[in-house]
Each structure stands twice: as C-alpha cells, then as structure tokens.
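Protein chains in written order, with my numbering: chain A, 838 to 1203; chain B, 104 to 371.
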C-alpha cells in the first residue's frame, strides 16, 4: 500500500496534486512572461524612464506631468546619489532617460560619461530662476550645461525652541549644556562639512589633510555630547518629537511634521554657514528622447511646477516666479531666503572622497 | 513512542515569554502606530484613524510596487524551490564523490554580501546584453534564495529512511516514479518550508533588486527610498499588512503540516 501525504487543504476541490503543480507552473511562466513583456518599454512617443528620488516620482508628480505636458513618467527610485551612480555605471544608462542628480555629482558623472548636456536654448523657463541658481558653476562642465536646478535646500539646525530658546549658531551642537541631547547626521558630506564650518574653514569641500585632521579632532570631542548619529529622517524626527534630542543637524523636511505634532520646532541657518544642495533634471547618456527630456526639464523650471512641488513636498523651488506665487508665511516656512544663499556652502565632491569616508569611520569608531 | 518532553517549570515558561516579548514587541509597536493620527510615531497616541490605510489604497505607485513584489516572489518560489530540490536530491543520492564541493558551491550565494551580488549580476547582464526587467530580478532573487532551499531539503534528506525507496525499486518502479510518488510527498513539509522562506527572502530583498531591475519598482525599493527622505505612517500600514499576510501564510503552513502528519500517523 503506497503511503501518501495529502496536502489537500491547499488544493482546490477536485484537483489532484499533479494538476495543481501543472497549474502553478503555467501561472508562474505566465507571470514571468507578462512581467518581462511589461518591462520592455513599449515604444510610446511620450514616455520617459525617470530614475529619481522617491519625492519627485510618486503618484501626484506622475499625474501632474500627464495632465500638464502629456508626458508619461515611468519612475524608478533610488535612495542615495551613490546608489544612482553605481547603477548607471553598471550599465543602467541603457534603462533610463533622465536622472535627478545633486549638483556635486555632475562633474564626476560627466567625466564618467554617464550624462549628456542640455541645450540651454531649450530651457526658456530658466530665466525665472533666482540668479544665484541660474549661474551656479557646478551645473556646467567644460562649458556644457548639464542641468538647471528646479529645487534646492539647505541642511541646517532644527531645534526645540521651548528647550533651547532661539538659536543662531553652530555652537549649540557643541554645547555641553545639552549633553546627550544632540544629534548629527551619519553622512560624511554633512558632518565633516559642519565641523569645517565650525572651525571657520571657508571652503569645506577643498579641505587639505591637515584641516581634515582638525575637523576629526573636533568631531571626536563632540561625540560624548551626542545622542545619536541618525541615518533615516524618521529617526531624527522621532527623537526631536519625543524630546530625546533638543537640537540636531537635519533637513528642513522635519519641521512641518514636528510643528503638527505640537513641538515648537525652530529652523535656522547658523551664522557660520549651512550646507546647500540643489537638484535638476539631467539627461542620461544615450537617451533616445533628449528633446522630450529637455521639455520635461523646462517644465520643472516653470512656476506651475514649482508651486505644485512646494505645496506637495515642502521643498523650496529655485524659480523666483514660483516663489512669487506662494504666500509669505509659506515662503518663510520653506526657509526661502535667497538673499542669504551666498552663506550656503554648496555641496561638492571633496578631492578625496574615500579619505572623507575613512575619517568619518574613524570618528565613529573613536 | 512519544518523545520525552522537557519539564516545563514556571521559570522556563517565564523565560520563553520574555524572549517572545523581546522579539515581537517592535512589531506590535509598528502595528499600533499604523492607526495613530499623528504623523510622528511617538507616545502618547493621539487618536485612532484608518487614514493611512486609505492613503495607501489610493496610492497607485504602491499598488504597482506591491503587484511587482508578488509577481517576483511567486516566480522566485517556483524557480528556487525547483532548483533547490533537484540539487539537494541529486547531491544526496548520486554525487558521493563531489558532495562537499557541490554543497559548498551551493552555499556560496549565502555568503556573498548582497551589494556585491547585485553589482556582479548587473555586470553579468550587461555582458550578455540582457534587458533588465522583472525577469532579471527573479533570476537575482532565485540565486539569493537557492542556498536556503538547498540546505533545508538536504537536512530533511539526511534523516531519510531509504528502505521505502529501495522496496519500491525492488518492485520495479522507475526512478521518476520513485521521485514523484515517494520522495516528493515525504519531502513535502520541507519543500513547503523552503518555499515560504524563498518567498520571504524575495519579498524583503532590496539591494539585489535595485541593481537588477529595469524600470519597475518593488515594494521594498519603494519603502527604502521613502525611509531616507520622507516618511509617514503609511509605512506602518504597509508593515502591518505584511505582518498579517506572513502570519496567515505561516498559519496555513502549520495547519497543512499538522494535517499531513495526522494523516500519516493514522495510516501507520
């Protein structure tokens, strides 16, 4: 007598095990074929493969693009510039039409042959940008324009006004009075930059080895005062909301949710300076839809897009025309103060990025 | 003969309870905060709402990513389990000389960091000029899941009593018949466990997915990029749904295995 273990619970009534296996096999092949077929870009005229931060590629932005300029966006998300570069270098340039790099990645990406220049004549909306952004040097390499920023921001200090009063200087992040209640970002680009600004170094990203060592000493001396080095924005948000932390180096994005949660959260660009970033649409090398990419890039520079973006994501548009459409209260909330843009140390790739990573790891391990 | 059981003193029970609490408390908190009205997940809970679930349901990007995750997960289960079972039975039965080498080779994907695996796969697909799509993601995930399937099935095969198969062979059954009618049914619980693990590994995999995908997002990719720069309790809602699905699947598996065992016991 053959012994059989029946798994009939999982089989639809009446189907034998063999029948079930056959059906599953067919379903699997069918699903795989469908997936492969769906993945292959059906050459529609106005579809763009968009490699981007999740902020610019979610539902509302896709719908907005479809409605306003009849462009179908197909977004794929990355969560760090290094990831993006790694994917492009590994052969991802075939897959995507455009990316959204931060200004400090333009030069290395151009040198590595990963991006293509834009024709400045195709970006009439660039005239509406604040002059500081229209003429930002990092967006051009060898005289060719690789992007015009549509969004910008500063990483700076968020603080709990009830605990700390008004803050205007980086000194608070090094103040022993708040020992154990401060936080810094676990990212060498930001934290070594903060150290440099505190020491009064004017060009943080051009630091020499001697200055790097001084910054390292400073950051190591700061360690006992810190609650944590945060990696995810949710972590620092929670720490500020629960009162664990009273001041932190962070993104502006944490302020609105904190205020909604009842915390009297303040935001300031310290007088020593803050770290600036800006992003733009940049075509990927080898894209077959350069004209469409330029059309979309021009759209992102328009006041309509800028206003929509500011209201949806609460990031600051680089277009003056867009900012003019926003209420003054919102403008202040978004930290838009273009007169002070010159105080920002805009991110650049340091001469020796791996050395920065090494130093940061040494600080963390000390 | 029933196996001997450890004496269950109250201390032992308390220890078990504490360990379980330590393991599951974070999950309970995640579920709790998915119903919180406040955007920031801290105590005290301000109010209860289903708003985040509503937003999730309306989020088209999320639905597409979830569908992709299921497609990839299902296909990975089939591919990894088939390959793993074949490899395990082959190594166990027929490859006595090469056994160690094949065992080590099968475990290699488990030991390579996923970042390196992802980049290596990307380079490989470039060399063979394959288009990246969900198919390449499925290939990557199957590689990740394969060692686990192999090890689970191998472990089950070690405790296997070969006398039933030998009896069947003496009675004239072909190799294929033996495999389908005897080996597979007896391996069924192990195969089920391996399949569930493959699905879980594939569902959670983000690094290899990122490097092998074309223009499709899977759920973990979406969550990973949201975590860095913008987060709402929608993520808690996603996590809660994932936990519920996992519990249901684990429950089903347990019921199936118990049913199978009682049927087998009854037949003896």
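Note that beta-carbon positions come from the ideal geometry of N, C-alpha and C, so glycine has one too.
For residue 230 of chain B, the uninterrupted alpha helix (DSSP H) run begins and ends at 217-230, by DSSP. Residue 911 of chain A has a beta carbon lying within less than 9 angstroms of a beta carbon in chain B.
For a Cβ distance threshold of 8 angstroms, residue set 1094, 1097, 1098 of chain A lies close to residue 142 of chain B, ordered along the chain. Judged by beta-carbon spacing, residue 929 of chain A lies within the 9 angstroms limit of residue 225 of chain B, meaning their Cβ atoms are closer than that value. For residue 1165 of chain A, the number of other beta carbons within 10 angstroms of its own is below 16, and it is reported as exposed. Between residue 1159 of chain A and residue 1144 of chain A, the alpha-carbon positions lie close to 5 angstroms from each other. Counting of Cβ neighbours within 10 angstroms places residue 882 of chain A among the exposed residues, the total staying below 16. The Cβ of residue 259 of chain B sits no closer than 9 angstroms to any Cβ of chain A. For the C-beta of residue 1074 of chain A, the chain B residues within less than 7 angstroms are, from N- to C-terminus, 143. Among the residues of chain A, none has a CB under 7 angstroms from the CB of residue 339 of chain B; the nearest is roughly 10 angstroms distant. If you draw a straight line from the Cα of residue 1068 of chain A to the Cα of residue 941 of chain A, it comes to about 20 angstroms. Listed along the chain, the chain A residues whose CB falls inside 7 angstroms of the CB of residue 327 of chain B are 916.
Cβ proximity to chain A below 8 angstroms picks out 228, 229, 234, 235, 236, 237, 238, 241 from the segment 227-241 of chain B. A residue is called buried once 16 or more other Cβ atoms fall within 10 Å of its Cβ, and residue 1152 of chain A is buried on that count. Chain A has no Cβ within less than 9 angstroms of the Cβ of residue 354 of chain B. Scanning its chain for C-beta atoms nearer than 6 angstroms, with the 5 sequence neighbours on each side dropped, one finds around residue 1025 of chain A the residues 1193, 1194, 1197, in chain order. The three-state secondary structure of residue 909 of chain A, taken from DSSP, is strand. Residue-level contact check: residue 1121 of chain A does not touch chain B, since none of the beta carbons of chain B fall below 9 angstroms from its beta carbon.
Taking 9 angstroms as the CB threshold, residue 256 of chain B stays off the interface with chain A. Nearest Cα to residue 287 of chain B within the set B:215, B:183, B:260: B:260.
Against residue 1071 of chain A, the close residues of chain B are 330, 334, in the order they occur along the chain (beta-carbon pairs closer than 7 angstroms).
By the 16-neighbour rule on beta-carbons within 10 angstroms, residue 911 of chain A is buried. Using beta-carbon distances, residue 886 of chain A counts as an interface residue toward chain B, with a partner under 9 angstroms. For the options A:1167, A:1009, A:1119, the alpha carbon positioned closest to that of residue 976 of chain A is the one of A:1119.
The C-beta of residue 1115 of chain A has 16 or more other C-beta atoms within 10 Å across all chains shown, which makes the residue buried.
In terms of beta-carbon proximity, residue 1020 of chain A stays away from the interface with chain B, with every pair separated by 9 angstroms or more. Listed as beta-bridge partners of residue 1183 of chain A by DSSP are A:1113. In the three-state reduction of the DSSP assignment, residue 138 of chain B falls in the coil class. At a cut-off of 3 residues, the continuous stretches assigned as beta strand (DSSP E) that sit fully inside the segment 1013-1055 of chain A are 1019-1022.
Residue 127 of chain B counts as exposed, since fewer than 16 other beta carbons sit within 10 angstroms of its beta carbon. Per DSSP, the beta-bridge partners of residue 889 of chain A are A:914.
Contact note: residue 313 of chain B reaches chain A through 915, 920, 924, using a C-beta cutoff of 8 angstroms and chain order. Measuring C-alpha to C-alpha distances from residue 243 of chain B to each of B:121, B:176, B:262, B:277 identifies B:176 as the nearest. Note that the C-beta distance between residue 997 of chain A and residue 1070 of chain A is not below 9 angstroms. Within chain B, the residues 143, 145 have their CB atoms less than 7 angstroms from the CB of residue 1078 of chain A, given in chain order.
When C-beta atoms of the segment 1095-1111 of chain A are compared with those of the segment 991-1010 of chain A, three or more pairs fall below 8 angstroms, so the two segments count as touching.
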